[in-house]
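A.B. asks:
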Amino acid sequence: MRTDHDHQALPARTAFARRAFQAKSATIRRRSGAFLDELMTQQALPPEALRDLQWDRAARLLRWATEATAFYPAHYARAGVDVPAVRGWDDWEAIPLIDRTVVKDHAADFPSTEAVGGNIREARTGGSTGQPLRTMQDARVPSLALAWRMYSWWGVQPWDDLARIGKWGFGRRDALKNGVQWWPSRQTYLDAALLGQESMRAFHRRISASRPALLEGYVGSMLEFADFLEDEGLQAPRLAAVATTAAPLTTSVRRRLESFFDAPVYDEYRCSEFGWMAGECRERRGLHLFADVRLVEVVDEQGRRLPPGEVGDLVVTDLSNRVFPLIRYKIGDRGALVEEQCSCGVTLPLMRQPEGRSTDVLRLPSGKAVGHRLMAMFSGHPDSVRLFQIHQRADHSIVVRVVPGPVADHRVHVEAAVEDLRRRIGYEVPVTTEYVDQLPFTGGKVKYVVSDVAAPVPA
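The sequence shown runs 243 to 701 under our numbering.
#1: Enumerate in chain order the residues of its own chain whose CB-to-CB distance from Pro591 is below 6 Å, with the five nearest sequence positions on each side excluded.
#2: Can you tell me whether His249 is helix, strand or coil according to DSSP?
#3: Does the Cβ of Ser450 have 16 or more other Cβ atoms within 10 Å, making it buried, or fewer, making it exposed?
#4: Residues bridged to Phe630 by DSSP?
#5: Thr674: buried (16+ other C-beta within 10 angstroms of its C-beta) or exposed?
#6: On the criterion of 16 or more Cβ atoms from any shown chain inside 10 Å, does Ile270 qualify as buried, or is it exposed?
#7: From His638, Ala268 and Asp560, pick the residue whose C-alpha is nearest to that of Asp298; which is it?
#8: Does DSSP classify Trp425 as helix, strand or coil?
#9: Let me know the secondary structure DSSP gives Asp433 once reduced to three states.
#10: Identify every residue that forms a DSSP beta bridge with Arg363.
#11: Between which two residues does the beta strand (DSSP E) holding Ala478 run?
#12: Once you ignore the five residues that flank Ser452 on each side, which residues in its own chain have a CB closer than 6 Å to its CB?
#13: Under 8 Å, with one C-beta from each stretch per pair, do the region 567-583 and the region 548-557 reach the 3-pair mark?
#14: On the premise that Ala489 lies in contact with Tyr511, defined as a C-beta separation below 8 Å, what is that separation, rounded to the nearest angstrom?
#15: Straight-line CA distance for Met519 to Leu629?
#16: Of all the options Trp425, Gly462, Phe470 and Pro426, which has the alpha carbon lying nearest to the alpha carbon of Ala444?
#17: Look at the alpha carbon of Thr371 and the alpha carbon of Ala262, and state the distance between them as a whole number of angstroms.
#18: In terms of DSSP beta bridges, what is Ala485 paired with?
#19: Between Val692 and His638, what straight-line distance do the alpha-carbon atoms span, to the nearest angstrom?
#20: Classify Asp509: buried if its beta carbon has 16 or more other beta carbons within 10 angstroms, exposed otherwise.
#21: Relative to the C-alpha of Trp425, which candidate in Phe258, Ser608 and Gln439 has its C-alpha closest?
#22: Could you have a look at Val692 and say whether DSSP puts it in helix, strand or coil?
#23: Between the C-alpha atoms of Tyr677 and Ala696, what's the straight-line distance to the nearest angstrom?
#24: In or out: Ser463 buried (at least 16 other Cβ within 10 Å) or exposed?
#25: Taking all protein chains shown into account, do 16 or more other C-beta atoms lie within 10 angstroms of the C-beta of Trp331, making it buried, or fewer, making it exposed?
#26: What separation, rounded to the nearest whole angstrom, lies between the Cα atoms of Thr487 and Lys346?
#27: Grab me the residues of His623's own chain with a C-beta within less than 6 Å of its C-beta, minus the 5 sequence neighbours each way, in chain order.
#28: Throw me the rounded Cβ distance for the Ala357 and Gln379 pair, which I believe falls under 8 Å.
#29: If you draw a straight line from the alpha carbon of Ala658 to that of Met617, how long is it in whole angstroms?
#30: Please list, in chain order, all residues of the same chain as Tyr314 whose beta carbon is under 6 Å from its beta carbon, the five residues on each side excluded.
#31: Assign Ala268 to buried or exposed, taking buried as 16 or more other Cβ atoms, counted over all protein chains shown, within 10 Å of its Cβ.
#32: What would DSSP say about Met243, mapped onto helix, strand or coil?
#33: How many whole angstroms separate the CB atoms of Met619 and Leu663, which I take to be in contact at a CB cut-off of 8 Å?
#34: Within 10 angstroms of its Cβ, does Gln285 collect 16 or more other Cβ (buried), or is it exposed?
#35: Output the distance between the C-alpha atoms of Leu287 and Pro326, rounded to the nearest integer angstrom.
#36: Residue range of the alpha helix (DSSP H) that Glu657 falls in?
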């Protein structure tokens, strides 16, 4: 497997790109350069100092939101929260959670008095949960520096050429503007919503010419691209790293991508509302939380914080967004924190790989709901499955669609896992298996749990 240490020597053009990036960071992009320097310092803080920094920023944001938005003063008054009395982490848990429905219902009341003009960068979710949402990010925060810090853990530098397969809503004019801004570095994109033989062939030609250090994209789209290249007998350019997002990175998918691209594969965690939140380092024993700018909590059904190791709902606060504050926002994913410190030298805390959406639930006629470890149902034999999807039909019956892995006896392992799912649901509804060549994509992403059963209406 290749790493940055045995990656090809810096060509003259890359050295020029480095000098250009450094010059921009000291002039027209000095805010980004200063923020990157700050982030690099904060990633080495002692845990206690990092926690103090996090609290200072959380407390300041809380006070700001109650002074500068219409939503939070009324929201906290209804919940009986005395904001001045919130003086430490023990008080923080009393702050009520919000979720996507709350933000949609009160969208006009969330922007602060600073949500004006160039301070705003609009953010839109894709609606994979059935609830598309518009929020705002603080455009004054040079958030790309978060990615640059994460890339540095993989041996990729901000001035390196990159290639991405994902959401790409830019038109020709915006694409040209983006190219000019990053010159002489090159960023090559493939719209995951428009995957096809011709688009992938053209993308391959472009990255073969640019030879990017990093290929980054949606999990399902990356697999599709790897399969296409293999079927066409095309070779991927030499890469320092591959990164995936938008879906859980299973062991089998990681192995497949590493085998084909001959480069280490890293997982990253982000969403439309917050941008980057966590990413793997070289150790790959969990994802480092960007705790200096994001507060990520794991809570139970009552909103109480859970200790490391226990799976619950992920709740996020953006400590850097003053235009559209999201405080204790239930993001819709489930996961767990990791207690141990990483040996890589980065002191940012760790989380386990998210376990999927909290809405990824199988609902049974008896009223029972099953959601825990659905994404891990094939973890005992990861190479037997490349991708899978659990589809619950309106009559509550369940179909497990499987794209088989390269293991000769994959069906034995698959059927054993499906039988285990039948036992977990008490054989209450039929569960069948379908073996397929590929799974459907939605906007370039694969949705792993699809349910046609309506969620119960709260009393």
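Think of the CB as a built atom: it goes at the ideal place given N, C-alpha and C, for glycine as much as any other residue.
C.D. replies: Per the coordinate set shown:
#1: Around Pro591: Leu531 and Ala533.
#2: Note that His249 scores 44 on pLDDT, short of 50, meaning its location in the model is unreliable and no value can be drawn from it.
#3: That one is exposed.
#4: Beta bridge pairing from DSSP links Phe630 with Val644.
#5: Result: exposed.
#6: That one is exposed.
#7: Looking at His638, Ala268 and Asp560, the one whose alpha-carbon comes closest to that of Asp298 is Asp560.
#8: Residue state, collapsed to three classes: coil.
#9: Reduced to three states, the DSSP call for Asp433 is strand.
#10: Looking at the DSSP assignment, Arg363 forms a beta bridge with Gln379.
#11: In this chain, Ala478 is not harboured by any beta strand (DSSP E), its DSSP state being neither H nor E.
#12: Around Ser452, the same chain offers Asp403, Arg428 and Thr430 as residues with beta carbons nearer than 6 Å, after the five sequence neighbours per side are excluded.
#13: Touching, yes, given that three or more Cβ pairs across the two stretches are closer than 8 Å.
#14: Wrong, their Cβ atoms sit about 11 Å apart, outside the cutoff.
#15: Distance between the alpha carbons of Met519 and Leu629: 25 Å.
#16: For the residues Trp425, Gly462, Phe470 and Pro426, the minimum Cα distance to Ala444 belongs to Phe470.
#17: In this prediction, Thr371 scores a pLDDT of 46, lower than 50, which makes its location untrustworthy; the coordinate-derived value is nonetheless stated afterwards. In this structure, the CA atom of Thr371 is about 42 Å from the CA atom of Ala262.
#18: Its beta-bridge partners are Glu458 and Tyr508.
#19: Roughly 12 Å between the two C-alpha positions.
#20: Per the 10 Å Cβ criterion, buried.
#21: For the options Phe258, Ser608 and Gln439, the alpha carbon positioned closest to that of Trp425 is the one of Phe258.
#22: Note: Val692 maps to strand in three-state DSSP.
#23: Rounded to the nearest angstrom, the two C-alpha atoms are 26 Å apart.
#24: Under this definition Ser463 is a buried residue.
#25: Exposed, since its Cβ has fewer than 16 Cβ neighbours within 10 Å.
#26: C-alpha of Thr487 to C-alpha of Lys346: approximately 25 Å in a straight line.
#27: Within the same chain, Cβ atoms closer than 6 Å to the Cβ of His623 are found at His655, the five residues on either side in sequence being excluded.
#28: The beta-carbon distance between Ala357 and Gln379, rounded to whole angstroms, is 11 Å. This is too long to meet the 8 Å contact definition.
#29: One C-alpha to the other measures close to 15 Å.
#30: Hits under 6 Å: Ala307 and Thr308.
#31: When all chains shown are included, Ala268 counts as exposed.
#32: The pLDDT assigned to Met243 is 38, lower than 50, so where the model puts this residue is not dependable, and the model offers no usable value.
#33: Contact flag correct, Cβ pair sits at about 6 Å.
#34: Result: buried.
#35: Here the alpha carbons of Pro326 and Leu287 stand approximately 28 Å from one another.
#36: His652 to Arg666 is the span of the alpha helix (DSSP H), which, as asked, contains Glu657.
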